[in-house]
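This is the structure we're talking about:
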């Protein structure tokens, strides 16, 4: 993939790139379909339910049916809504969620863009989705949606900061913003050389901030259904609503992949003698574990309150993340240099 | 045993069970013995009824003969009446009595003009301390309307019912909401359903029915504006 | 200085957390509530008016539909009022059955509250756990009277159905099961940091305010007032049993939560004693005249429902129908304090406080 990116853009290479991204989009859609199925099953088991089991064998086609239902549903736009913004918002939410996936390396060979500022690219683009949520909430001309949109703006801005700062430690250790280099720096045998252990503080801050970025329980305030009914997407229906949901699950994919890359050693095996297993398997295992943990949390925790969320972000996570940067720098200065 | 035999056996068992479960149908009274029995039973019933009537009459007589034991709550009632009359003024308590149907709960009928004063007295007086308002009911007695406040003193574990009466044409009584916040919605409900206006109520609006509803449904002579509804 | 516009937000009558068709109009400054006005009546069915043209046995099913989460206690308050007026004797076995179903109902009702309250706060799973256990109670009721929610079980003078064979053993088995589950729930939820942060110190009021607003049930007891009609104005057979009346001290949502959980425990304690003392045979229906005509006069009886003091005021003119029937509904009275508690709170706390009061809209509107 990387080779084509460096070539001059011709009609031929543009077509190839387009086809590749279409294939990738289909893979991501497949992931989303079964992530939703998996989430419903896992949470179902945790809650003494069975989960979907009617559509297709073991309910495997449930999500397909759901998406189909959403697609054929009437597309309603509230009369007093701001039409243009209302239409743009779902697309604006989805596009960055998909574009950030470009920089994620899956194995040494399998990656799309080998970007030198990969991490920065990810963080910068993912912020745009917030904008879409605020837009959607504002354009709906609904008070609940507005409150949800505002909440999501406040939440995502305050959690973006600790999220980014918590990664600084990783960047310091590997000396690169390139995600491939970051994974490569974690190689070399056993699992304790992964960033997870030297950067345990950073990992915890990153994980909490990531859950918050994803708007998932316990930080699902923008769409807190028991307070704001459905938050920013309360007026959306049909495929526009599907786009918001899609964006949310693509971000689950992105964050899980990013966590794997940054902290869990990407495609590296946890022990040298396990190297015979292909890297992609290790990547997928770690990735699946992160996804599972996100679902697990959803079944377990109640939701925090807005003010508590803010004070957690600014008063706890940010100082801790800064401390982590400081400690990492101190360690590098004293022992490595 | 063949399958058929098994089936038969099962069927037999079932019918037997059913027979056992169903009470035996009484055969029609043909035989003389049975008729005699029935006659005897009827006579016995008549005798029992007569005895019962006699016993009841005796009991009633006995009740008349022996004066009723004064209720332990008679003292409470007199105390309440005295306190109210002494503090607020003679003639405040229009009627008073114990409600025998309700474990002798004291019931006082208060002149509604004095109600705000009386309510404060009931709540704050050291001996009474009826700080808890349990319930407010409004009743349409067709000649007049009545509001009953059921009060409770959590400290003394005593209760009392206070009644206010007002005429049906322009019903109005002072509100108890300044004294007990509980009265707020209860009085709104009575206003809504019976049309009694409470003077001094902070927020007298309809509560159950829509704001533009015509009439007060719990009045005995209420006719729905639209009989289809 | 930034000037912000006030936002008038209409919460309900269709809203996931107003527990039915309750509506509250709030004025928001940002997310802070400056004024709250509850609007009721969306579920007003005129039970009291309807009752005036029905005889007493016909009214019983209507009481089921008031507090539909706790229909048994509603049944009881009506038949108890009529029995008080008429001076009827209820056979011991019937009274035991009534007490047992009422206490089971209290457990079921508190479980519903527990589950939905946590759902309001954003935790999904406890809701399903609570409903699993409530299901057992509902199945017991189903076996007893053939209905799962609106039982129509009690009659003036007794109960409609005797317990089927083996029913009491199932109740007996249920008690230790529920005790064990309760421990589990305590471990699962009561110590959760997020949960504590959400409800501690929220919706606080003191005993004087509670009494002034006529609160009852856990809403009153959470302020430290030890007042439970089962103990202080005993009705039915409660004076025979040993149980504690749990109280809180701070009068916040957390104390209400703890009081309700402890009440489940105490109900199980009562049940355990009641099942042991349950008479092995006897009538389930007392001697009742064919047409029930309470004497001329009036009476007000009150019992402790899971939500507080439920009362029934009957005015009779000696007819088969009541002249006036008024229910004192605990949800209705308890809800009055809501506007006062909400001022200065955020939207999120609105849900926490409303859930903490534990209302059933069928009862608020009656």
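Protein chains in written order, with the working numbering: chain A, 2 to 338; chain B, 319 to 547; chain C, 4 to 369.
We put the beta carbon where it would ideally sit given N, CA and C, even for glycine.
Sequence-distant residues of the same chain with beta carbon closer than 6 angstroms to residue i, five excluded per side
i, result
"residue 97 of chain C", "161, 162, 287"
"residue 481 of chain B", "427, 464, 466"
"residue 42 of chain C", "26"
"residue 224 of chain C", "250, 262"
"residue 335 of chain C", "367"
"residue 529 of chain B", "none"
Own chain partners of residue i with C-beta closer than 8 angstroms, once the 5 adjacent residues on each side are dropped
i, result
"residue 235 of chain A", "141, 143, 145, 146, 149, 229"
"residue 148 of chain C", "154, 155, 156, 163, 164"
"residue 178 of chain A", "117, 118, 119, 120, 121, 172"
Coil, strand or helix - residue i by DSSP
i, result
"residue 157 of chain C", "strand"
"residue 77 of chain A", "coil"
"residue 66 of chain C", "helix"
"residue 215 of chain C", "helix"
"residue 525 of chain B", "coil"
"residue 539 of chain B", "coil"
"residue 368 of chain C", "helix"
"residue 320 of chain A", "helix"
"residue 142 of chain A", "coil"
"residue 417 of chain B", "strand"
"residue 16 of chain A", "helix"
"residue 311 of chain A", "helix"
"residue 264 of chain A", "helix"
"residue 334 of chain B", "Model confidence at residue 334 of chain B stands at a pLDDT of 47, short of 50, so the residue's coordinates are unreliable and nothing is read from them."
"residue 440 of chain B", "helix"
"residue 239 of chain A", "helix"
"residue 175 of chain C", "helix"
"residue 134 of chain C", "helix"
"residue 26 of chain C", "strand"
"residue 311 of chain C", "strand"
Where residue i meets chain C, residues with beta-carbon distance less than 7 angstroms
i, result
"residue 455 of chain B", "316, 329"
"residue 215 of chain A", "None at all; the shortest Cβ gap to chain C is about 15 angstroms."
Below-8 angstroms beta-carbon distance, residue i vs any chain A residue
i, result
"residue 132 of chain C", "yes"
"residue 349 of chain C", "yes"
"residue 34 of chain C", "yes"
Amino acids of chain C, ordered along the chain, whose beta-carbon sits closer than 9 angstroms to that of residue i
i, result
"residue 219 of chain A", "125, 126, 197"
"residue 405 of chain B", "Result: empty, since nearest Cβ-Cβ is about 22 angstroms, beyond 9 angstroms."
Any C-beta of chain C under 8 angstroms from that of residue i
i, result
"residue 420 of chain B", "yes"
"residue 322 of chain A", "no"
"residue 428 of chain B", "no"
"residue 509 of chain B", "no"
"residue 278 of chain A", "no"
"residue 80 of chain A", "no"
"residue 479 of chain B", "yes"
"residue 156 of chain A", "no"
"residue 341 of chain B", "Its pLDDT being 46, under 50, residue 341 of chain B is placed unreliably in this model, and the value from its coordinates should be taken loosely. No, because no Cβ of chain C sits closer than 8 angstroms to the Cβ of residue 341 of chain B."
"residue 474 of chain B", "no"
"residue 77 of chain A", "no"
"residue 249 of chain A", "no"
"residue 135 of chain A", "no"
Below-8 angstroms beta-carbon distance, residue i vs any chain B residue
i, result
"residue 298 of chain C", "yes"
Partner residues on chain B for residue i, Cβ-Cβ distance less than 9 angstroms
i, result
"residue 220 of chain C", "Correct list: empty, because the minimum Cβ distance to chain B is about 13 angstroms."
Own chain, CB closer than 7 angstroms to residue i, minus 5 neighbours either side, in chain order
i, result
"residue 221 of chain A", "304"
"residue 344 of chain B", "Any reading at residue 344 of chain B must be qualified, since the residue scores a pLDDT of 48, below 50, and its modelled position is unreliable; the value itself is stated next. Correct list: empty, nothing qualifies."
"residue 170 of chain A", "200, 203, 325, 326, 329"
Chain A residues whose Cβ lies nearer than 7 angstroms to that of residue i
i, result
"residue 187 of chain C", "What residue 187 of chain C touches in chain A: nothing, since even the nearest Cβ is about 12 angstroms away."
Partner residues on chain C for residue i, Cβ-Cβ distance less than 8 angstroms
i, result
"residue 47 of chain A", "128"
"residue 424 of chain B", "Chain C residues near residue 424 of chain B: none, gap ~12 angstroms exceeds 8 angstroms."
Contacts of residue i in chain A (Cβ-Cβ under 8 angstroms)
i, result
"residue 200 of chain C", "305, 306, 309"
Neighbouring residues, chain B, relative to residue i (Cβ below 7 angstroms)
i, result
"residue 263 of chain C", "None at all; the shortest Cβ gap to chain B is about 21 angstroms."
"residue 335 of chain C", "503"
Residue i beta carbon near the ligand GTP (any heavy atom closer than 7 angstroms)
i, result
"residue 39 of chain C", "The ligand GTP is not part of this structure, which contains no ligands at all."
Exercise for review: Count the CB pairs spanning the region 241-249 of chain A and the region 87-102 of chain A that are closer than 8 angstroms, and state whether there are at least three.
Suggested key: yes
Practice item. Assess, as a yes-or-no matter, whether the region 229-237 of chain C is touched by the region 296-314 of chain C under the definition of 3 or more beta carbon pairs within less than 8 angstroms. Key: yes
Check your understanding: Between the region 315-322 of chain C and the region 332-350 of chain C, do three or more beta carbon pairs fall short of 8 angstroms?
Key -> no
Point to revise | Sufficient close CB pairs (3 or more, under 8 angstroms) joining the region 183-202 of chain A to the region 260-269 of chain A | key: yes
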